[in-house]
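The structure under discussion appears below in the form of structure tokens.
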């Protein structure tokens, strides 16, 4: 079984993840050899700053010419951990054209150009694996693609961004405001200097597009994903959530419509019951909850980022891709045969928690309730509280479409007696 | 890509799981075809009682001659959901010899004869997949074998038996005693009329042997697994656990020793902190917590039994095995290259919670503490309470070997002042 010619691996990028991949390839070489059936050899490492000291990596392997490395022709697997769109996209394409398979951790690129890259891979009969692109170390892509390949997935709902979960968990547990929690996340290295990609939900939206595509065997583009960040979540929202027996999480939610004929994908903060398995996901951890016809409810939990966890996912892919090369096979490729339409946010059906500042006078509740009824949004509970001529109304609805809720809120804003809509938050996981 | 000759599947067993496999193969035929790249056809169903009505299955497919079915020679995949050792073992072997690959849900057989069956599979260059054998619908075998193939797993700790988790959860949440909770589990269909395999830990031990083998790339036999059932867990143990901020779960624990040179596998009730992700696994759900060098802490959660969930896992394997047949490859086979020694229970190192009934007189604590010290077991906390000449001592230890703890307890029993050892429970997950 064992062959002696090693499989050659080109590593593109040698930052936090790449250096960890290189380290494990060296320290666990014997295990990798046994598990693959042949030795793997680090054949080159493309970096931007060649003069930086890289412990444990033979300096002769370092190059700044990534294109030349992927064009060498003797590379079996290219591991891309550069991130971003270019030059990663071009390098991956070139790698396929020159006979390599590819393992990537690049969620932004996969979400934007996954279909095109899969097409190139298939054209050259090569593998494109990317377990590390979603939820770091958590085995998720492979379970969705392979373990559940005989099942029908109806919903994927997850905490797929550790930075925002850290911030929300901090707000929940300490009562801190958003800015204070963000500052702590930055100080501890959980948030980047520019936290936009995380807190505005761009990172989670890329992951949602990838997950929805795999779960529903349907092309879901980044533009198809509705996105709301979490910068407007307040300490008062957490107080409201607590009163409902809920907490607040930034969720990526990919759903099949009830009639099965379309799908949706979205990222936004939402209240979920404390009894839901996702509610107890703390700190920077990730977790993804999957509902399917036959399996029922599954959850996958673990570290969603970091050098070592991401390297674990990359190396799992590397073993699989190397095994495929030895057997002359390829793993499951892109699957978009279902080609379900992706519906807009207006079609999403869920529950809502709405806080209104209203005039403290008789008849306000009746007015507000009429507006909900006119838009076909059924009210589950209302709580009214008032002091000093000011009052607030907290309305929790039954399930209604996002379009109906939006219409309701527009009409509420026009009421003289409604001074403001303090917050609107979706309620999920019930 | 698509070929038209269908892949032929023989189903052995058509009970709760088998009938669900057959149903999904029919209702989701188009999806399975798209995901495999060729149609799959149910070519025969071997049953014991051919006269039973089986909705949705062509009566012409039913046979009582399972051996003839697996010997037909045109079967691509045999799905074995009979359970038990024979005739399943003989049929699987015959299936390999006649050119079929095999998907099995048979934990008892895999735990007892996995090595031999893998050897036959390898000899005939066929696949043996068994995701459904451990933790039902939860993708676990594949993540351990494939997603974490580039990582080093140090511990697998799981709730892998839904019946016992239902009973323990009931005792925890209602204060019920063991018998009362078992009676309810039986009435609700969670426990079988003879619950021995579940409550005595035999079922969990078989799964522990399978998980340890995969996690550590080492042959772990059923006899290598230490096993203690949960019939002796009392309401008073739960009260003690609560005082420690813990609950009690029946855990399957597979560990690599700290020096990495050996492994252990065991099943027993244990206290775990309420903050541990496994503590909140309710009812008949299963969950498995995995710790590895690079990935860190992962958890996989879902339904551990039942017709549909188990069928989901079987069908995921069926898709993989069919894809492998089409590409002429086989998936990862048995991996026992590490061949680490499996240490006896005495070598396991953990913490302990010990309740002693003692005489209520001065000097008892000093005597007891001396016995612990003499055996090298370091005490973390002691709580002493007494009334009416009777007293109890609750000792929680630091980490110590099981052998040292056993020696300590034997010596304690010989003390005149110790009237009885009320309970000993391991403390895990800290």
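Chains as they are written, first to last, in full-length UniProt numbering: chain A, 1 to 430; chain B, 1 to 430.
The C-beta atom is built at its ideal place from N, Cα and C for all residues, glycine as well.
Item, Value
"Check each residue of the stretch 280-304 of chain A: if its Cβ is closer than 7 Å to any Cβ of chain B, include it; give the result in chain order.", "280, 292, 294, 295, 296, 297, 298, 299, 300, 301, 302 and 303"
"Let me see if you follow: with CB-CB separation under 7 Å, is residue 15 of chain A close to chain B or not?", "no"
"Is the shortest distance between the beta-carbon of residue 81 of chain B and the beta-carbons of chain A less than 7 Å?", "no"
"Checking contacts by CB at 7 Å: is residue 337 of chain B closer than that to chain A?", "yes"
"Check residue 180 of chain B in the structure and name its three-state DSSP category.", "helix"
"Chain A partners of residue 323 of chain B, CB-CB under 8 Å?", "332"
"So with CB distances below 7 Å, who are the chain B contacts of residue 28 of chain A?", "152"
"Let me check understanding here. Comparing Cα to Cα, which of B/155, B/307 and B/34 lies closest to residue 14 of chain B?", "B/307"
"Can you pull the DSSP bridge partners for residue 401 of chain B?", "B/349"
"Between residue 107 of chain A and the ligand FMN, is there a pair consisting of the residue's CB and a ligand heavy atom that are separated by less than 6 Å?", "Absence of the ligand FMN from the depicted structure is noted, as is the absence of any ligand whatsoever, leaving it without description."
"Taking C-alpha atoms, which residue in A/199, A/219, A/295 and A/242 lies nearest to residue 250 of chain A?", "A/199"
"Terminal residues of the continuous beta strand (DSSP E) containing residue 78 of chain A?", "77-80"
"With 7 Å as the threshold, decide whether the Cβ of residue 201 of chain B is near any Cβ in chain A.", "no"
"Between the Cα of residue 318 of chain A and the Cα atoms of A/103, A/8 and A/380, which residue gives the shortest distance?", "A/103"
"Can you pull out the residues from the stretch 311-322 of chain B whose beta carbon lies closer than 9 Å to at least one beta carbon of chain A?", "311, 312, 313, 314, 315, 316, 317, 318, 319 and 320"
"Using only alpha-carbon positions, find the residue among A/405, A/424, A/301 and A/388 that is nearest to residue 140 of chain A.", "A/301"
"Can you give me the Cβ contacts of residue 241 of chain B inside the same chain, cut-off strictly under 7 Å, excluding the 5 residues immediately before and after it?", "247, 248 and 271"
"Any contact between the stretch 277-284 of chain B and the stretch 257-269 of chain A? By contact I mean 3 or more CB pairs, one from each, below 8 Å.", "no"
"May I ask you to report which of helix, strand or coil DSSP gives residue 275 of chain B?", "coil"
"For residue 324 of chain A and residue 333 of chain B, what's the separation of their Cα atoms in angstroms?", "13 Å"
"In this structure, how does DSSP classify residue 137 of chain A when only helix, strand and coil are distinguished?", "coil"
"Based on the DSSP output, what are the partners of residue 251 of chain A in its beta bridges?", "A/268"
"Shortest alpha-carbon distance to residue 111 of chain A belongs to which of A/209, A/427 and A/155?", "A/209"
"Compile a chain-ordered list of the residues in the stretch 128-140 of chain A whose CB is closer than 9 Å to at least one CB of chain B.", "131, 136, 137, 138, 139 and 140"
"Taking the alpha-carbon positions, what's the residue 158 of chain A to residue 367 of chain A distance?", "37 Å"
"Name the one or two DSSP bridge partners that residue 387 of chain B has.", "B/390"
"Tell me which residue opens and which closes the beta strand (DSSP E) that residue 8 of chain A is part of.", "7-12"
"Our contact map puts residue 244 of chain A next to residue 353 of chain A with C-beta atoms below 8 Å; I'd like the distance itself, whole angstroms only.", "7 Å"
"Listing by chain order, which chain A residues have their CB less than 7 Å from the CB of residue 146 of chain B?", "142, 316 and 320"
"Whole angstroms is fine: what's the gap from residue 1 of chain A's alpha carbon to residue 38 of chain A's?", "Summary for residue 1 of chain A: the model assigns pLDDT 48, below 50, so the residue's position carries little reliability, and this model does not support an answer."
"Using DSSP's beta-bridge definition, name the partner residues of residue 46 of chain A.", "A/12 and A/63"
"Given this structure, state the Cα-to-Cα distance separating residue 292 of chain A from residue 151 of chain A, to the nearest angstrom.", "7 Å"
"From which residue to which residue does the alpha helix (DSSP H) around residue 171 of chain B run?", "162-174"
"For residue 34 of chain B and chain A, any beta-carbon pair shorter than 7 Å?", "yes"
"Rounded to whole angstroms, how far is the Cβ of residue 215 of chain A from the Cβ of residue 156 of chain A, which I believe are closer than 8 Å?", "5 Å"
"Is the Cβ of residue 327 of chain B closer than 7 Å to any Cβ of chain A?", "yes"
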